[in-house]
Structures are given as C-alpha cells and as structure tokens.
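Sequential numbering from 1 applies to the sequence shown in full-length UniProt numbering.
Quick reminder that beta carbons are idealized off the backbone N, C-alpha and C, glycines included.
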Amino acid sequence: MSARVLIVDDLYPNVRLLETKLSLEYFDVAVAMNGPDALAICEKGACDVVLLDVMMPGMDGFEVCRRLKSNPVTAHLPVVIVTALDQPADRLRGLDAGADDFLTKPIDDTALLTRVRSLVRLKAVTDELRSRALATREIGGPDPLALAAADTGEGARILLVEDRPSAIDRIGTALSQHHQVTVETDPHRALVRAPEGGFDLALVSLDLEGFDGLRLCSQIRSLERTRNMALIMIGEMHEKARITRGLDFGVNDYLLRPIDRNELIARVRTQVRRRRFSETLRGALQASMELAITDDLTGLHNRRYLDRHLGPVFGEAALQQKGLACLLLDIDRFKSINDTYGHEAGDEVLRAFAERIRQYVRPMDILARYGGEEIVMVVPGAELPDARAIAERIRERIEATPFAIDGGTRDIGVTVSVGVSVRRTTDTGPADLLKRADTALYRAKSSGRNRVEAAAA
C-alpha cells in the first residue's frame with residue numbers, strides 16, 4: 001500500500017497542484033481544508049506525512065503542528081510546514097511548534113519528493129516500534145508514547161564534526177547552554193569517536209578539508225552502534241544536490257550557511273526529540289519482550305522461554321556430540337509452607353529459592369520456572385557427574401540456610417529434591433530429557449525428599 005500524504009491548505013489551487021505532483025509519484029493523497037479537519041484525520045491514523053500550509057483562517061498551521069506534536073497519538077507524524085516566503089521567523093516558529101521540515105513556495109519538485117520519501121521511511125520505522133511498544137501499556141507498564149512526547153529535547157550529547165574555527169565557535173556557543181558538545185576536526189577520528197561517545201546527534205560539515213563530509217555521514221549511518229543516531233548536515237546553498245543525496249540515504253536534516261542561531265537550536269532540539277522518541281519506543285519494546293518471557297514472581301525465565309530455547313540448545317549439543325544436563329528442582333512440602341505460614345510467605349520462599357539457584361548458573365545455562373514450585377536448570381556441556389555435583393551443592397545450600405519470611409521477622413527451614421538427567425544419543429528431542437528428569441525427581445520425592453536422584457546416562 002502506498003504511503004498517504006495529508007495536504008492541509010484552505011486554497012484549492014494549492015491543494016490541486018500538490019495532489020497532482022504526489023499522485024504522479026504513486027502516493028495516496030488526503031486533503032483537509034482547515035486545521036480541525038486535519039487534526040481529526042491525523043487522530044484516526046489516516047495519513048503518514050502531513051504537508052501543512054501556514055496561512056489558514058482560524059487555526060493556522062503553526063497551531064495545528066503544535067497540537068499534533070503535543071498529542072501522544074499524533075506526535076510521531078512527520079509534519080512539513082509549507083510557507084509562501086522563506087522567512088527565518090516562520091521557520092523558527094515552525095520548528096518551535098515541532099515541525100520536521102519546511103518547503104517554500106513555489107515548491108521545487110525534487111525537494112518535495114525527497115522530503116516526503118525520507119519522512120515516509122522514518123514513519124514506517126516509527127510505526128513498527130509504536131505498535132509493539134503499546135504492549136507495555138497494555139500490560140500495565142508506563143505509557144511509552146506519553147513519555148516520548150513529553151521529552152524536551154535538551155541535555156543531549158552532540159558530536160560536531162567541523163574544521164572551521166569560526167563555525168566551531170558559533171555552533172558550540174549556541175548549543176552548549178542546553179547540550180554537551182564534543183568537537184572533532186578530523187573526520188577519521190570522528191568516525192572512531194562516534195560509536196564510542198554515546199552521542200544523540202552528530203552535526204557534520206559537508207565541506208571538510210580533504211574529506212567528503214557526505215561520505216562520513218554515510219559511514220556513520222552504516223555502523224551498528226550509530227545507525228540510529230540523529231544526523232544533521234551543514235552545507236552551502238550551492239550544495240543542494242549533495243544535500244538531497246544525503247537525505248536520500250538517511251541523513252535526518254540539514255542546515256545552510258550562514259547558520260541562523262535560532263534555527264540551529266530548534267533543528268537540533270527537533271532531531272534530539274525524534275531520536276529519543278524512537279529510543280523510548282525501542283526500550284519499551286525490549287521491556288515488553290522481557291516481560292513476555294519472564295516469570296513475574298521469581299524474575300526467572302518462564303515456561304514460554306524454556307520451550308523456545310531448549311530445542312536449539314538440545315540440537316546444538318546433539319550436533320556437536322557434547323553433554324547436556326537437565327536439573328529439575330522442587331521445594332519439598334511447599335503446600336505445607338503455604339498452608340502453615342500463608343501464601344505470601346510461600347512467595348517469599350519461592351523468590352529466595354530462585355535467587356539461590358541463580359548463583360550456580362553460567363551465562364550459557366537456562367534457568368526457568370517450570371511450574372508451581374518447580375524450577376528447571378539446563379546445563380550445556382555437562383555430563384552426569386558434573387550435573388550431580390551441581391545438584392548436590394544446591395541441595396546442601398538450600399538445607400543449610402533457613403529462609404526468611406514475614407518480611408524477615410522469622411526463619412523457616414526448607415529442603416529441595418532434585419531430579420537429574422543427561423542427553424542420550426537415542427533421545428529424539430528435549431522432551432525425552434525433561435521426562436527422565438521428572439521421573440528422577442519423583443524417585444527423590446518417594447525416597448524421603450531432600451535428595452538428588454539421577455536417571456541413568
């Protein structure tokens with residue numbers, strides 16, 4: 001499906017002109033003749049980019065932009081302000097309102113299509129992040145969209161790649177009040193520092209002495225650790241063709257010399273907010289993924305994680321003909337603990353039980369809550385003697401140290417039974433491994449509890 005561009009203008013000839021240009025490039029076009037209609041369309045999610053005329057009766061374009069950017073539902077929408085004259089005051093007002101870019105009438109076709117395509121790509125990435133990050137809100141976490149929309153765009157770490165002393169002084173002075181600015185005059189060193197400095201944004205001069213600044217932008221964009229860094233080019237008016245190329249391969253924005261101080265501050269703020277918006281959504285996505293595979297009570301991985309990861313671990317062990325052990329650990333008489341001391345005490349014991357076992361786990365091991373008071377530990381590379389030794393150490397540790405309950409006001413003794421199994425060459429899959437561990441655990445329970453029993457190798 002083609003991207004949909006919303007044209008907001010109260011003059012039909014202007015609308016018709018833009019509609020024709022965009023339709024020829026296979027964009028879908030929606031139209032709003034006033035601000036309130038535009039806001040309604042955007043809130044319904046019916047567009048991907050907004051081309052917003054400034055001069056409209058009633059609610060002007062600046063106010064429409066401000067409302068879009070302050071609403072968590074629409075803050076992610078790219079907005080391009082369309083002005084009749086390229087006036088710095090209009091550009092500054094638009095940037096203050098949160099606009100992502102500007103087009104000046106008469107609109108240049110190349111500039112129009114370059115801006116729209118660049119912003120459509122950005123919107124596609126943001127949409128994917130938003131749809132997944134909303135899972136965090138649905139499961140009771142903080143609303144990532146509201147958090148992202150509330151960011152002020154200040155306090156950023158900025159890398160300035162510039163070799164003109166006068167430009168360094170002007171840009172550094174303008175930005176240092178609200179940001180931490182690092183200057184690098186050598187583009188080769190800049191490429192090394194960019195992924196190491198934790199920067200939010202890089203400002204790169206296109207006309208560095210002896211080096212193509214556009215190439216540096218491309219290199220920064222291609223590195224894994226700087227792929228999502230905001231990038232702003234600094235160029236001359238006659239470098240519009242190079243600037244268009246930069247926007248085409250993913251540079252976020254540009255400034256033309258001589259640089260207006262207020263425009264610099266506003267554009268940096270816009271790009272920092274946009275980057276943090278994406279980073280907030282990525283963080284929310286990661287958090288929701290962690291929650292989906294984590295047991296709420298113990299903080300261990302859950303059964304879903306075990307089912308997803310045990311198969312590949314088992315297959316790798318079989319392929320390399322290496323050992324693989326499974327320990328199934330079950331708290332003895334856990335029901336009695338709940339009945340005697342209450343379920344809150346039982347939860348305290350289970351959390352502490354999981355934490356003690358965690359101390360015996362290596363990074364490559366799997367530790368998951370299997371169900372109820374059972375915890376499974378999968379140990380790649382371990383043969384039966386190794387697995388038994390680990391199980392015995394855990395059993396002894398559990399028995400030796402009482403468990404605190406009732407907020408630490410009293411202690412109770414707890415023991416554990418452990419069933420151990422190791423991979424056999426005749427196993428058809430991880431289910432065989434788990435079944436033998438479960439059978440061994442049953443024997444440990446039947447033999448008096450507080451024991452380790454192992455299935456034959």
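Inter-segment contact for the segment 286-306 and the segment 335-344 is absent: fewer than three beta-carbon pairs are separated by less than 8 Å. As the crow flies, the alpha-carbon of residue 278 is around 19 Å from that of residue 197. When the five nearest sequence neighbours on each side are left out, the beta carbons in the same chain lying within less than 7 Å of the beta carbon of residue 242 are those of 206, 214, 235, in order along the chain.
Take the alpha-carbon of residue 230 and the one of residue 252: they are about 6 Å apart. For residue 346, the enclosing alpha helix (DSSP H) has its first and last residue at 343-358. Residue 383 and residue 422 do touch by the CB rule: their CB atoms are close to 6 Å apart, below 8 Å. Cα atoms of residue 126 and residue 45: separation of roughly 13 Å, rounded to the nearest angstrom. Taking every protein chain shown into account, the CB of residue 228 has fewer than 16 other CB atoms within 10 angstroms, so this residue is exposed. In this structure, the CA atom of residue 263 is about 31 Å from the CA atom of residue 12. By the beta-carbon neighbour count (other beta carbons within 10 angstroms, threshold 16), residue 88 is exposed. Partner residues in the beta bridge of residue 231, as assigned by DSSP, are 202. With fewer than three CB-CB distances shorter than 8 Å, the segment 347-362 does not count as touching the segment 439-456.
Sequence-distant partners of residue 322 (beyond 5 residues in either direction) whose C-beta falls short of 6 Å from its own C-beta, in its chain, are 381. Under the 8 Å Cβ criterion, the segment 318-337 counts as touching the segment 404-415, having at least three qualifying pairs. Boundaries of the beta strand (DSSP E) around residue 403: 403-405. Contact annotation: residue 79 and residue 100 have beta-carbon atoms nearer than 8 Å. At the C-beta level, residue 8 and residue 49 stay beyond 8 Å of one another. For the UniProt domain "GGDEF" (322-457), the continuous alpha helix (DSSP H) assignments of 4+ residues that do not extend past its boundaries occur at 334-341, 343-358, 384-400, 430-446, in sequence order.
In this structure, residue 161 sits near residue 203, with a CB-CB distance shorter than 8 Å. An exposed status is given to residue 210, since fewer than 16 other beta-carbon atoms sit within 10 Å of its beta-carbon. Checking the DSSP bridge columns, you'll see residue 28 partnered with 4. Boundaries of the beta strand (DSSP E) around residue 53: 49-53.
When DSSP assignments are scanned along the UniProt domain "Response regulatory" (157-272), the uninterrupted stretches of alpha helix (DSSP H) that are 4 or more residues long and fall wholly within it turn out to be 165-175, 187-193, 213-222, 240-248. Taking C-beta separations shorter than 8 Å and ignoring five residues to either side along the sequence, the partners of residue 2 in its chain run 26, 27, 28, following chain order. Separation of residue 118 and residue 254 (C-alpha to C-alpha, rounded to the nearest whole angstrom) is 13 Å. Exposed is the label assigned to residue 106, since fewer than 16 other Cβ atoms lie within 10 Å of its Cβ. A Cβ-Cβ contact shorter than 8 Å links residue 246 with residue 233. As computed with DSSP, residue 103 is found in a beta bridge with 82.
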